[in-house]
Structures are given as C-alpha cells and as structure tokens.
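The working numbering puts the sequence shown at residues 511 to 702. Following: one structure in structure tokens, then a few remarks.
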Amino acid sequence: MKRRLVLFLMLMVQFFMAQNKVEDYLHLGDKYRFDNKDYKLVWSSHPASNFYKQEYILPNENVEKYTRMIMIDFLEGDLTPKDAISNFVNNLENSKKQNPIINYQMYERENEYMLDFIISKNSQDGKEILILERNIYRYFRINTPKRKGVLLFGVSDRAYTKKEMDNMFSVLKNKKLDLVNKVIQIEVPKIK
511 MKRRLVLFLM
521 LMVQFFMAQN
531 KVEDYLHLGD
541 KYRFDNKDYK
551 LVWSSHPASN
561 FYKQEYILPN
571 ENVEKYTRMI
581 MIDFLEGDLT
591 PKDAISNFVN
601 NLENSKKQNP
611 IINYQMYERE
621 NEYMLDFIIS
631 KNSQDGKEIL
641 ILERNIYRYF
651 RINTPKRKGV
661 LLFGVSDRAY
671 TKKEMDNMFS
681 VLKNKKLDLV
691 NKVIQIEVPK
701 IK
C-alpha cells in the first residue's frame with residue numbers, strides 16, 4: 511500500500527512537471543538580456559498553429575507578481591505590424607469605456623510600430639486599483655526564408671502597492687521616454 515502511494519505521488523509530480531514544461535518555441539534561449547539584466551524564460555504557449563508566445567521574468571520573481579516581464583510573441587502569416595497594432599488599439603479603445611485608466615501612445619518608424627500603454631486591474635466596485643501595468647509593445651515584420659509574420663517584443667512593468675503606483679506615475683510624468691528609448695534600441699530578436 512505504501513509503495514503504491516509513493517508510486518502514485520511520483521507519477522503526479524511528473525504529470526505536473528510535464529504540464530509546467532516551458533518550451534522555447536522561438537529558439538531564443540532560456541534567457542533574454544534587456545536593460546543589463548538577464549530574464550529567464552518561465553512561460554510559453556503555442557495556442558494556434560501560427561501563434562507562439564514566450565514570457566521572461568527576473569529569476570527571483572513569478573508570473574503572477576512580477577515587476578518587469580519581457581514578452582516575445584510571433585504570429586506567422588501575412589499580417590503586417592500596422593494590422594497588428596490597429597487590432598490591439600481597437601481592443602484598448604473598447605476596454606477604455608469601462609476603465610478610464612487606460613491610456614496609450616503610438617509611435618511609427620520605418621514600417622515598425624510601437625505602442626506605449628497603461629492598463630489596470632481594479633476592484634469589483636471600481637474604486638481601487640489593484641494592479642497598474644505599463645506596457646511597451648514593439649512590432650516588427652519578419653520576412654526570412656523560414657519565417658514570415660509579425661514579431662512582438664513587449665516590456666511589461668507592474669505596480670501593486672500605492673507607493674509602487676505613485677512611483678510608476680512619477681516615472682511616466684518625468685522619464686516616460688527612458689523605457690521607450692530602451693525598447694527602440696533593441697535588435698530584432700532572431701527567431702528560428
């Protein structure tokens with residue numbers, strides 16, 4: 511009986527480990543360097559035959575509560591960066607009707623597009639901000655012999671406490687372009 515229980519527990523552990531296996535679909539490696547910090551690949555998904563998602567966070571953080579996350583998504587096909595950003599802006603506009611915190615600014619340069627936006631998760635009564643999130647998404651057109659589509663490089667910063675949120679608003683007021691410029695300077699991630 512005891513052996514069966516141990517065997518069962520071992521099988522359950524293996525099952526859950528298999529469920530949490532992170533796949534490097536884009537062949538970028540299990541680490542990504544941004545702003546002089548190494549981010550670890552912690553989550554990936556292949557939700558459709560032409561869509562891949564990878565998320566990287568600092569080693570001491572977790573996906574549910576992070577301060578900064580790097581996101582790299584790839585959508586294979588004929589979609590252009592302009593199409594991708596237009597779809598996302600439409601979603602933001604629709605969400606803005608229920609969430610007045612949502613705000614965004616779009617940048618365009620040489621057929622690349624970038625979106626800098628703020629979103630929040632609020633309490634059910636809408637009176638309290640639970641999570642404040644600033645994202646910068648940069649959209650690239652990928653056109654190689656092996657891959658064609660739109661690549662999204664995203665940086666997501668989150669604040670959870672009033673002090674962190676006040677700091678984020680201060681950064682947005684006084685140093686908004688610092689992070690924008692860092693995202694502008696990245697090279698296009700070389701997916702395979």
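Note that beta-carbon positions come from the ideal geometry of N, C-alpha and C, so glycine has one too.
Closer than 7 Å: residue i CB and nearest the ligand PLP heavy atom
{"i": "TYR566", "result": "Ligands are entirely absent from the displayed structure, and the ligand PLP is therefore not among its contents."}
Neighbourhood of residue i by C-beta distance below 6 Å, restricted to the same chain and skipping five residues each side
{"i": "GLY636", "result": "none"}
{"i": "TYR647", "result": "LEU625, LEU662 and GLY664"}
{"i": "LYS631", "result": "LEU640 and ILE641"}
{"i": "ARG578", "result": "ASP667"}
{"i": "ALA528", "result": "Residue placement at ALA528 is poorly supported in this model, since its pLDDT is 42, which falls under 50; the coordinates still yield a value, given next. Correct list: empty, nothing qualifies."}
{"i": "MET616", "result": "LEU625"}
{"i": "ASN600", "result": "none"}
Extent of the continuous beta strand (DSSP E) run through residue i
{"i": "ILE629", "result": "622-632"}
{"i": "GLU618", "result": "613-619"}
Simplified DSSP assignment, three categories, for residue i
{"i": "SER555", "result": "strand"}
{"i": "ILE687", "result": "According to the sequence as given, residue 687 is Leu; it is not Ile. In the structure shown, LEU687 sits in a helix (DSSP, three-state: H, G or I)."}
{"i": "MET527", "result": "Confidence at MET527 is low in this model, with a pLDDT of 39, below 50, so its placement is unreliable and the value that follows should be read with caution. Of the three classes helix, strand and coil, the one that applies to MET527 here is helix, per DSSP."}
{"i": "LYS606", "result": "helix"}
{"i": "GLU638", "result": "coil"}
{"i": "GLU674", "result": "helix"}
Opposing strand residues paired with residue i [DSSP bridges]
{"i": "MET579", "result": "ILE567 and SER666"}
{"i": "TYR535", "result": "None; TYR535 has no bridge partner."}
{"i": "VAL693", "result": "VAL693 is not bridged to any residue."}
{"i": "LYS550", "result": "LYS541 and ILE567"}
{"i": "LEU585", "result": "PHE561 and VAL660"}
{"i": "PHE650", "result": "LEU661"}
{"i": "LYS645", "result": "Before going further, note that residue 645 is Asn rather than Lys in the sequence given. For ASN645, which the question treats as bridged, DSSP gives the partners PHE627 and SER666."}
{"i": "ASN601", "result": "Looking at the DSSP assignment, ASN601 forms no beta bridge with any residue, so it has no partner."}
7 Å Cβ shell around residue i - same chain, five flanking residues per side excluded
{"i": "LYS547", "result": "LEU568"}
{"i": "TYR535", "result": "SER554, HIS556, TYR562 and GLN564"}
{"i": "SER633", "result": "LEU640"}
{"i": "LEU602", "result": "ILE612, TYR614 and PHE627"}
Under 8 Å: do the stretch 602-615 and the stretch 556-564 share three or more Cβ pairs, one atom per stretch? no
Does the stretch 626-642 touch the stretch 542-559, meaning 3 or more C-beta pairs lie closer than 8 Å? no
Sufficient close CB pairs (3 or more, under 8 Å) joining the stretch 653-661 to the stretch 579-592: yes
Counting Cβ pairs, one atom from each stretch, are 3 or more of them under 8 Å apart for the stretch 689-701 and the stretch 534-545? yes
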